[in-house]
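Asker: Got a structure for you, questions after.
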Amino acid sequence: MAQVSLLIGFTLILLGLYGALTNRDILRMIVSFTIADAGVNVVLVSVGYMAHRTAPILDSAVPAGQAAARIIDPVPQVLVLTAIVIGLGVTALMLAYAYRLFRLRGSLDISQFMDLKW
Amino acid sequence: MIRNALIGLMLFILGSAFLTLTMGFEPATELNRTAAYYATHAQEEVGAQNVVTAVLITWRGLDTLGEVTVLFLTAAIVSLVLSRSKAPKGASGSGFLPSGELLTTGTKMLLPLIALLGAYVMANGHLTPGGGFQGGAILASGALLMLLADPSRRFGHKIIHRVESASGLAFVGLGLLGMLFAGGFLDNKLLPLGQFGALFSAGIIPIVSVLIGLKVGAEFASILESLEETEDA
Amino acid sequence: MVSSILILAIGLGTAFGLGLLNRRRAVLALGLTLGALGLMAAMAVGWLIVLAQGAAPVEIYTAGAEPPFAINLRMGLMEAGAITLITLTGLLAVLALRTALTRMGRGSMAVVLVLIMALSGLVMTRDVFNLFVFLELMAISTGGLALLSKDIRAIAAGFKYLIISQLVTILLLVGIIFTYHATGSLNIDDIPETAMGFSGLGLALFLILIAVVLELKPFPANGWALDVYTAAHPGFSAVFSAASGTAMLVVADKLVKAAGPDWFAMFTLLGLISFIGANIVALRQDNDRRLLGYSSVGQLGLLLAVIGQQDVLGEGYLYVAGGLVLSHAVAKAGLFWMSIMVKARGLSDWAAIRVRPPLVIAFATFLAMLTGLPPFPGFYAKWELAQVLATTDRLPILAAILIGTLIEAVYLFRWFGMAMKRETDTPLGPKQIDCMVVLITLAAAFGLGALWGDLSENGNLFATVPMLAALFFLALEPMPAKLKNGLAIMALVYWFAAHAGVYDPMRLIFLLVMILGGAVILLASFNEDGRRVGFYPPAMLMYAGLALLLEAQSTFEFFAAWEVMTLGSYFLILRGKQSEPHALSYMIFSLGGAFVLLSGFALAADGVTPFPLSALSLVPEQVAPWVFALLAVGFMTKTASVGVHIWLPGAHAEAETDVSPMVSGILLKAGLYGLVVLLLAMGRQSLHGVDLVNVLAWIGAISAFVGAVLAVFQEDAKRLLAYSSISQMGYALFGLALMNHLGWLLAVMFVINHYVYKSMLFLAVGGVYKRTHTKLMYKMGGLITLMPFTFVSVLVGIIAMSGVPPLSGFGGRWIFYNAILETDLRLPLVLIFMSGPVGFLYLFRLIHTIFLGQLKDENHQIKEAPIWLLVPQMIFVAFLIGFAIVPGLVLQRVDRFLGTVFGDQPLIWHGRAVESAFGNWNPVAIMVVIVVIFVTLFGILIAKNHDAVKVKQFNIVFSAERPYRPETTHFAWNFFAPYRRAMGFMEMPLVTRFWGGVSEALSGTAEFTRKLYSGNGQTYAVQVILFVVTVYLIALGGVA
Amino acid sequence: MSSFHWVQIPYALLTLFIVLNYGLIMTAVVQKIAARVGGRHGIPFWQNYIDLVKNFAQRSKITHGVMFYLGPVFRLAGGVGLLLFVPTIYGSTWAQNFSFAGDLVLALYFVFFGTLGMALGAGESGHPHAAIGVSRGLAQVTMAELPLALAVYAIAVQYHTLNITEIVAAQQGGLFHWTLFTNPLATVAAMFAFVGTMMRPPFDVVLAPQEIPIGPPTEYHSAYLALMQTNRAIFPVAKTVIYMNLFFGGASSWGEFAIKVFALYMVSAFIGVVHPRFRVEQSIRFFMKWGVPVGVLAILMV
Amino acid sequence: MTLLMLATLLCGAGMIGAALVALLTRQTATAVLAAGLLSLFASVLFVLLAAPDVAMTEAAIGSGLTTFLFFYVLGRIRREDKK
């Protein structure tokens, strides 16, 4: 189960990267990057998954005593939470840049912005 | 064409690296050292039912603080990026479709529900799945809905900044208090752990969740705000 | 001390707090930001002091739980130092950015605060995921702050930066989660030492490390960083290069320490490639900020390599890495902040800083720090690094580092030359605060130099008297030149008097020539009036170097003195009008020679510090020839032997009137002194069966002959003298290489003779130049009547130099003959015999074309050379004649000393005559006989033609008719045409073509590789992934 | 190493007088022989005396400057000094001149004293032809002197001394003790140099009469020229004396001295008469192709 | 083939399909929509992987806000492009 989701996650990352590196349109690049981020999140969570165990909530169903035996590893989930929000932050910033770049040169093609070279 | 092929080959090799990672990976049957500690000590050390929130806000509080700062940064920089570039003269004017009847009445009906859900998710962060970020996101989607319904509507710019700064400062303040009175920076034993499972339990976690929720909500709103402001030339 | 987590809390608190202020109170917001940064800096400094006094590193736990379960921060000496640097850079950056920040509003100030807080967090945190969060904070704030600059291209740069940080995020996150899965904890200390294997933990660690390396802008994959450097506001670029660079280095160090020694090799390799690659490509840069970008990429590469070498550096690691990091950070921040004041972006537009001398000093200091010249921390660090690398025989790494530093020196000093010599029409920015920021950085630079001096066990350069004197003269700048000149002469005479007694005769001769001789030449500087800013500090720096050279006991002191001398003389030569390219080639050859010396000393010391010079003789057998070869090459670059001589003609010819004699008469002797010390200590060495001393003899002979032949064909008087210096130094080198008593006596004779007549001739030609404003000999002619004293000094000079009997030159030739009769070295003698008469040619050309022949119309009313130039010349004439009559006065003591060295006493001194195993030489008798014959014949001639009257100029050639173009009647141009037809093949500039080829190849590769940065953000992303994949494959290959 | 006694001065003057007269007569005789070879009658052998007296008698009111004035003095002092620094007759007490002052090295380098003085004087005269002559002379002499220097080094190593008297002493005792036979290579190299520096064709482009009016001494006349002509008599003889001492066993009596000097001088005369004039680069290449290799062989073989 | 495994496979196929659509489609709008869809599938997968918090966040932020941001910026750009 974990292996399958890992594979899914990695394929998503690779697809995202492929999209980001081949598409010339900036917005499509940012979309590809969000896909890659989603892939990373899937990988992160699937590493923490353990078979036949439940979510790390200690309530009536999972009393504190048996917690160690019944819940899955909470740490990857914490990391993912932060990672998603940071991913959103960076995406929002890139979108703002994309918009400003568009305002600058009137086009969204990355190869239009090459005056800083050599 | 060759360029894409080269990139494809490169990513294939990267993929092979990832593949060796996946092949070498076998899911743990037993909780590792850190997770086992969290599982056993969640109740008496932090007093929160939701172990994820416990770890998120207390044990790895610095991460969350850093995280919130990320959002604060994004909001500030997006407003910097967009504030100085008013829309070119010709292109201004709210371009949104005039919000239909359905949308305005729907918003009026849904808004309280969304606000209630957001508040609930935020407050019960330590009991049920959810917490500061999720609550904030829901509130932000509420603000988004209002924006969609009435594009010319402007939130009080000052209020958003006030809420954002105040909650940030409060969060840091709580952390410092924790360092002075409790065990360390952001330690939640500043307040009594209270009865396990009750609303006001697990020390400062609920307060921090609320603060995070407010801050995240305010930040998303300010991002939308600065996007919106580029409208009025 | 208060807990250091407060540093983060203050940063964050103020950042959030700024939101509460309303929009219009920008100045208050700026005040708050400065206050917060000041507080953070104060805490950091407090911690630094406490930890520097030996307190143990402090662990800070958060959330009241033990580390693996909560995030912990550590505050050790390295962290405290790094944070102090970061917070102070931040403070000064905010000052530099104040206009941009107030314009952008309090949001941007909050971003700066968060950036500084994130960097401090990066340095302190011990948790991998926390590292990721702070890294993201740094990435986003850097992307944001790129907007501060007025340059609209900054937005594109910011976007490219964000693309790359996305890639880094992906790699880092995957790495972190798999490390967590393998080790069970997110804390760095729990990462076990893993081999570089490529499965599970090994691969995860690889991903984390490669992500951190990417953040350190490695060479092939750093187009994005260069764009940020070029477009961003320089105030921010300083933070980006100094503060973020340092923080990432500390992170890299933490991670690689945890990952284990297996990964050091990868770091070193990547670092060196980045260091050399970036420096080569920087050769072709003409935008100043992009050049600084390349330089900081190179320096980060160097530091990455040093981190890779920490297993070998042991406890000296903090000292070396600290020295290099601080030098890089302070210099780079200073240069970026200076670029705020320079409005235009071309390299030669920095000429605007010449308006304010303190800025020129700052510029020179920062460049010296970057290339690791004394007395700054980089020098001590480079010395320590060289010692360690040589002891653990990692010579290829040392060689790579030295070559990289040399290339960096090339483009930095070319830039300095442009700034000093070119003109620009964009004036300097008027703001005082920017200037004040730069001066604070300058003070920090000197403070660090002193600090690193104290820390180094080899002795602090600032503590030595000569260095203090040089700095003292820096303070004297506003005083009039004549007063400073008097002080300088007194200082030199005092130093000579203080040390004359204590030295052995051989060193006494060098002291006499270098220090007392320097004082005599300085007499000529009385001729200049006004303040003459920028002459005396470099001059005294050079003399300080020379004084320390003679004082040096250990290899460190010798090498430090050598580099101080090079630095001082470079600034002196640069003062000449068209001396820019020549000063640059001088600096490159000198630095190249100095680095060869450094590797030689490091190889010899083999870990023993301080390594006394005399211990060179105890160097083990298999290493000794290599040490000998390296040191000999290093010294020969200073005596300009053939092969490394192309810098000399330009440097000596283009220098100022009173600088040429200093540089030619005195500085070349430093090389000879080095060779004397080397040969005294190591004696004969042979490498693969080739006797190195014979090779030296051959090089000496060839340079003697080639120098003389090339001198014959020169049209420029000073170049002629410069080439003749090469020839004379060749003679002296040959003398030394004979390794027998008389050979060394010959060398000493040459040291004295060459100093006297070369300074005399240079001053004379300088005097003529002052009057005729040209150095080209065919433009002069017939000046004997107008400048009689200069003529006399040149006449005596060439008689002495050509070895014609009555004067002291003949003494040198006589000792030479006796010396070669004792050696079995035959073939080089042919070249030496040939260069004797050839010397005669160029000397006659010098005196004939300038003083004899027809006087040109435009030279009719020129006056005699200024009095102050003539005084030293007359002193030298008197000395020459005295030395010719009584050579024993000086030579006898040296002869006795050499007797003790070589154990034989070939010369027997009878009163004033001297006798050797082969012949005898009675200088007094010769002088008397010649003078008597001369006077009697002169009497006869006067008796016959006593009332002869001077004939008018054209009574000779045109029988009193005036030719259409009288100046052509003076036969001076292409004077030795037949000789050129016969010996022209010698003129082929083989050596110049070789070195030209080398520089062409370098700038060719630079031009080719810099096309790599096409400016397209996507291409940069592809390059980053390609870089990761290639390193992965190589590392995989390495492991398999 | 005998020290200086006042009596040596009259002895030296006597030697000087003998050599001066011998020089004047010999050069005139050789000039006559050269003319006779060319089918001409040639000048009377006392011609040089007439020229000398004529020039001395002529009064001159002009000079071209200090160095021009001192030129001939330097020149003659060089010639006389060279003669007096070298012992002319081996074994005779009074013909040792002032050889105590220095050894072979002094003699070798003192040759340049005269040349330097001459060059300075000619340069001061302001006449372009003088300067051209000087530049040609100096250029040629650099390569011409080289075989001599090599030869001198060879015999110095062979005889382990630089003192001329000791070298001559080592060659006494019969013909086959001369350096000519003990070290033929060095002697051949020296003879190359001898021919090259004797200012006779094929190496006399320096003061070639037709091309540039007698080269450096173009502007000299009256007393200046007189001094130069006395030097032109003494200098070749003094140089030949050195060659004689070094390579041909020196002279034990004035008769032997006269014959050997004349014979040596005739060597350069013979070669000069039949050869056309070399240009400077041709003579330089000639010496580089022939003179220097022989010299190098000499110093390698010893 | 437990039910869980089947559900994950389905989700995975959906996600990869959405990703391919996002990469290959002509108009950017469909690409953004595909990304939103992908993020929804991801949140479902997270529920399957017993991570409810993450699922909620991914749903709220991933599909909700990100998609909106994209559409908003796309709208602005498309409108200014026509002028």
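Going down the list, the sequences are from chains A, B, C, D and E. Its first residue numbered 1441, the first sequence is counted upward by one per residue in the working numbering. Its first residue numbered 461, the second sequence is counted upward by one per residue in the working numbering. Its first residue numbered 8, the third sequence is counted upward by one per residue in the working numbering. Its first residue numbered 17, the fourth sequence is counted upward by one per residue in the working numbering. Its first residue numbered 6, the fifth sequence is counted upward by one per residue in the working numbering. Glycine residues also receive a C-beta, built at the ideal position from the N, C-alpha and C atoms.
Hey, does A:Gln1517 have any beta-carbon neighbour from chain E nearer than 9 Å?
Answerer: Chain E contact via Cβ: present.
Asker: Cutting at 7 Å between CB atoms, please list the residues of its own chain near B:Ile473, excluding the five before and the five after it.
Answerer: So no residue of the chain qualifies.
Asker: Give me the residue from C:Val527, C:Ile78, C:Gly678, C:Phe904 with the minimum Cα distance to C:Tyr510.
Answerer: Here the closest residue by C-alpha is C:Phe904.
Asker: Throw me the rounded Cβ distance for the A:Val1573 and E:Leu14 pair, which I believe falls under 8 Å.
Answerer: Beyond the ends of chain A as shown, which are 1441 and 1558, falls residue 1573 of chain A; an answer cannot be given.
Asker: Could you check the C-alpha separation between C:Val603 and C:Asp400 for me, to the nearest Å?
Answerer: If I take the Cα positions, the gap works out to 16 Å.
Asker: Which chain B residues are close to E:Leu70, counting only those with a beta carbon under 8 Å from its beta carbon?
Answerer: Residues of chain B passing the Cβ test: Ala597, Ala600, Ser601, Leu604, Phe680.
Asker: Measuring straight from C-alpha to C-alpha, what distance separates B:Met470 and C:Glu1007?
Answerer: Approximately 35 Å between the Cα atoms of the pair.
Asker: Using three-state DSSP, classify C:Ile869 as helix, strand or coil.
Answerer: In this structure, C:Ile869 counts as coil in the three-state DSSP scheme.
Asker: At the 9 Å Cβ level, is E:Leu15 part of the contact set with chain A, yes or no?
Answerer: It does not; no Cβ of chain A falls within 9 Å.
Asker: Answer with buried or exposed for C:Pro996, where buried requires no fewer than 16 other C-beta atoms within 10 angstroms of its C-beta.
Answerer: By the neighbour-count rule (16 or more Cβ atoms within 10 Å), C:Pro996 is not buried but exposed.
Asker: When the Cα of C:Thr975 is compared with those of C:Lys491, C:Gly789, C:Lys957, C:Ser1010, which residue comes out closest?
Answerer: That would be C:Gly789, whose Cα lies nearest to the Cα of C:Thr975.
Asker: Is it true that the CB of B:Gly592 sits closer than 9 Å to the CB of B:Gly585?
Answerer: Yes.
Asker: Compute the Euclidean distance between the alpha carbons of B:Ser554 and E:Arg84, then round it to the nearest angstrom.
Answerer: Reliability of the predicted coordinates at B:Ser554 is poor, the pLDDT of 46 falling under 50, and the value obtained from them is presented with this limitation in mind. Taking the straight line joining both Cα atoms gives about 10 Å.
Asker: Verify the CB distance criterion: does C:Phe274 have a CB-CB separation below 9 Å to chain A?
Answerer: Not closer than 9 Å to any Cβ of chain A, the Cβ of C:Phe274 fails to qualify, so no.
Asker: From the beta carbon of A:Asp1499, is the nearest beta carbon of chain E less than 9 Å away?
Answerer: Not closer than 9 Å to any Cβ of chain E, the Cβ of A:Asp1499 fails to qualify, so no.
Asker: State yes or no: is the C-beta of D:Thr79 nearer than 8 Å to some heavy atom of the ligand NAP?
Answerer: By its list of ligands, the structure shown contains no ligand whatsoever, and the ligand NAP lies outside what it can speak to.
Asker: Quick one: using the 10 Å Cβ neighbour count with 16 as the cut-off for buried, is A:Leu1455 buried or exposed?
Answerer: With 16 or more other Cβ atoms within 10 Å, it is buried.
Asker: Which of the three DSSP states is assigned to C:Asp196 in this structure?
Answerer: DSSP places C:Asp196 in helix when its eight states are reduced to three.
Asker: If the criterion is Cβ atoms closer than 9 Å, does the pair C:Ser710 and C:Ala660 meet it?
Answerer: No, Cβ-Cβ distance for C:Ser710 and C:Ala660 is not below 9 Å.
Asker: C:His695 CB to nearest chain B CB: under 9 Å?
Answerer: Not closer than 9 Å to any Cβ of chain B, the Cβ of C:His695 fails to qualify, so no.
Asker: Could you please give the first and the last residue of the uninterrupted alpha helix (DSSP H) stretch that includes C:Arg363?
Answerer: Unbroken run through C:Arg363: none, as it is neither H nor E.
Asker: Looking at the structure shown, is C:Ile915 part of a helix, part of a strand, or coil, going by DSSP?
Answerer: Note: C:Ile915 maps to strand in three-state DSSP.
Asker: Can you give me the C-alpha to C-alpha distance between C:Gly508 and C:Pro487, rounded to a whole angstrom?
Answerer: The straight-line gap from Cα to Cα measures roughly 33 Å.
Asker: Measure from the C-beta of E:Met20 to each C-beta in chain B and report whether the shortest distance is under 9 Å.
Answerer: Not an interface residue.
Asker: Is there a Cβ from chain C that is less than 9 Å from the Cβ of B:Gly654?
Answerer: It does not: the Cβ of B:Gly654 has no partner Cβ on chain C nearer than 9 Å.
Asker: Go ahead and pull the three-state DSSP assignment for C:Asn760.
Answerer: The answer is helix: DSSP assigns C:Asn760 an H, G or I state.
Asker: Note down, in chain order, every chain A residue with its Cβ under 7 Å from the Cβ of C:His188.
Answerer: Within 7 Å Cβ-Cβ: Val1487.
Asker: Nearest by alpha-carbon distance to B:Thr500: which of A:Tyr1537, A:Gly1505, A:Ala1491, A:Ile1448 is it?
Answerer: Considering only alpha carbons, the answer is A:Gly1505.
Asker: Helix, strand or coil for A:Ser1472, going by three-state DSSP, please let me know.
Answerer: Reduced to three states, the DSSP call for A:Ser1472 is helix.
Asker: So, at 7 Å on beta carbons, what are the nonlocal neighbours of C:Arg539 in its own chain, with the 5 sequence-adjacent residues on each side left out?
Answerer: Same-chain partners within the cutoff: Ala488.
Asker: From C:Ala87 to C:Phe274, what does the alpha carbon distance come to, in whole angstroms?
Answerer: About 24 Å.
Asker: Identify which residue in C:Phe1001, C:Ala551, C:Ser303, C:Phe76 has its Cα closest to the Cα of C:Asp196.
Answerer: Of C:Phe1001, C:Ala551, C:Ser303, C:Phe76, the residue nearest in Cα terms is C:Phe76.
Asker: In the DSSP assignment, find the alpha helix (DSSP H) that holds C:Ala677 and state where it starts and stops.
Answerer: Its alpha helix (DSSP H) spans residues 675-689.
Asker: How many angstroms separate the CA atom of D:Val296 from the CA atom of D:Gln156?
Answerer: If I take the Cα positions, the gap works out to 6 Å.
Asker: Here's the rule: buried if 16 or more other CB atoms are within 10 angstroms of the residue's CB, otherwise exposed. What is C:Ser766?
Answerer: When all chains shown are included, C:Ser766 counts as buried.
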